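Chemist: Whatever position you read off the sequence shown (first residue = 1), add 26 for this note's numbering.
For every residue, glycine included, the Cβ atom is placed at its ideal position computed from N, Cα and C.
Here the structure is a predicted model, which is why all the values come from computation and not from measurement.
Could you have a look at this structure, given as structure tokens, before my questions?
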Amino acid sequence: MSGPTRRILVVEDEPVINGAVTDRLVAAGYDVVRAWDGPGAVAEFTAREPDLVVLDVMLPGLDGHEVCRRIQAVRPVPVLMLTAADDEADVLVGLAVGADDYLTKPFRMRELVARVAALLRRVERAAELSTQDPDVRELGDVRIDPGARRVWADGDEVHLTPTEFDLLRCLAASPGVVLTREKLMGEVWGWPGASGTRTVDSHVKALRAKIGPERVRTVHGVGYALEITGVGP
């Protein structure tokens, strides 16, 4: 891993899981700080300014969703949420408050480390793309400003999470073209492969709720396409 050591905040109230995640991330070359409850997580985030947060949903004091909401209000940061059950509603709440990805317990430590690395690479890539492709795009009644990372639909600004914005920009690069879930995982998350397709589906649902369901077309068994609306008679 080149460049300065990245700092990861691990928030998990189960000592065994907290220790295992911390040890694996330290072995991978990261600087790790830890918290055991919601208020402690917010305090550590403010004091230590981590580059990424691994955040359990079920926490004492404040749950993971509220922690995510509070830290994203301080400074945008990639968040990998850990969920105890594969509950779609729980996942969608997490994505709505700014989480970038999630893993369902039990999970493999190797996959967690890979997801962390992919999220950090995505942050770097998003910054590069914003400078390489700064031109505002008008796609029917959707307006995308890559440099400012802002989006408008029907003339109203839509507040997207960083991942939702990157997903929309990826779809907008080829409007009308169906992109497979695997391609979206590779382009947006830097994590190609079938194991992450549920993540794509969940983010698409969150994106649809904000820009309108008619603007993202599903091709069942294949993937998604951005539909241009508001054009023509």
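Check this for me: beta carbons of Pro104 and Leu78, under 8 Å apart or not?
Modeler: As a working note, residue 104 is residue 78 in the sequence shown. As a working note, residue 78 is residue 52 in the sequence shown. In contact: Pro104 and Leu78 (Cβ atoms closer than 8 Å).
Chemist: Would you identify the three-state DSSP class for Met84, choosing helix, strand or coil?
Modeler: Counting from 1 along the sequence shown, the entry for residue 84 is found at position 58. Residue state, collapsed to three classes: coil.
Chemist: How should Glu154 be labelled, buried or exposed, when 16 other C-beta atoms within 10 angstroms of its C-beta is the threshold for buried?
Modeler: In the sequence shown, residue 154 corresponds to position 128, counting from 1. Looking at its Cβ environment, which holds fewer than 16 other Cβ atoms inside 10 Å, Glu154 is exposed.
Chemist: Take Arg234 as the anchor and find which of Ala99, Val203, Val168 and Ile34 has the nearest alpha-carbon.
Modeler: Residue 234 sits at position 208 when you count from the first residue of the sequence shown. Measuring from the Cα of Arg234, the nearest candidate turns out to be Val168.
Chemist: Apart from the five residues just before and just after Gly64, which ones in its own chain have a Cβ nearer than 6 Å to its Cβ?
Modeler: Residue 64 sits at position 38 when you count from the first residue of the sequence shown. Correct list, in chain order: Leu85, Gly87, Leu88 and Val93.
Chemist: Which residues does DSSP pair with Val142 in a beta bridge?
Modeler: Translated into the one-based positions of the sequence shown, residue 142 becomes position 116. Paired residue(s): none; Val142 is not in a bridge.
Chemist: To the nearest angstrom, how far is it from the Cα of Trp62 to the Cα of Pro30?
Modeler: By 1-based counting over the sequence shown, the position of residue 62 is 36. By 1-based counting over the sequence shown, the position of residue 30 is 4. For Trp62 and Pro30, the distance between alpha carbons rounds to 26 Å.
Chemist: Distance, Cα to Cα, Met27 vs Glu150?
Modeler: Within the sequence shown, residue 27 is the residue found at index 1, counting from 1. Within the sequence shown, residue 150 is the residue found at index 124, counting from 1. Summary for Met27: the model assigns pLDDT 42, below 50, so the residue's position carries little reliability, and this model does not support an answer.
Chemist: Does the segment 189-197 come close enough to the segment 208-215 to have 3 or more Cβ pairs within less than 8 Å?
Modeler: yes
Chemist: Helix or strand or just coil, what does DSSP make of Ile34?
Modeler: In the sequence shown, residue 34 corresponds to position 8, counting from 1. Strand.
Chemist: Decide if the segment 131-143 is in contact with the segment 32-48; the criterion is three or more beta carbon pairs, one per stretch, under 8 Å apart.
Modeler: yes
Chemist: Identify whether Glu164 lies in helix, strand or coil by the three-state DSSP scheme.
Modeler: Taking the sequence shown and counting its residues from 1, the one referred to as residue 164 is at position 138. Strand.
Chemist: Within 10 angstroms of its Cβ, does Pro259 collect 16 or more other Cβ (buried), or is it exposed?
Modeler: In the sequence shown, the residue the question calls residue 259 occupies position 233. Low local confidence applies: a pLDDT of 47 at Pro259 is under 50, so the model's placement there is unreliable, and no value is given.
Chemist: Of all the options Leu81, Asn44, Gly238 and Thr225, which has the alpha carbon lying nearest to the alpha carbon of Ile249?
Modeler: For the purposes of this step, residue 249 is taken as residue 223 along the sequence shown, with counting starting at 1. Before going on, a small fix: residue 249 reads as Gly here, not Ile. Selected option, being the one with the closest Cα: Thr225.
Chemist: Could you check whether Asn44 and Val36 sit closer than 8 Å to each other, using their CB atoms as the reference points?
Modeler: Stepping through the sequence shown from its first residue, residue 36 is reached at position 10. Stepping through the sequence shown from its first residue, residue 44 is reached at position 18. Against a cut-off of 8 Å, the Cβ pair of Asn44 and Val36 comes out as a contact.
Chemist: Using a Cβ-Cβ cutoff of less than 7 Å, which residues in the same chain neighbour Arg243 once the five nearest sequence positions on both sides are dropped?
Modeler: By 1-based counting over the sequence shown, the position of residue 243 is 217. Counting only Cβ-Cβ distances below 7 Å, and skipping sequence neighbours, we find Tyr250, Ala251 and Glu253.
Chemist: Go ahead and label Arg136 buried or exposed: buried means 16 or more other beta carbons lie within 10 angstroms of its beta carbon, across all protein chains shown.
Modeler: Residue numbering aside, residue 136 sits at position 110 when the sequence shown is read from its first letter. Arg136 comes out exposed.
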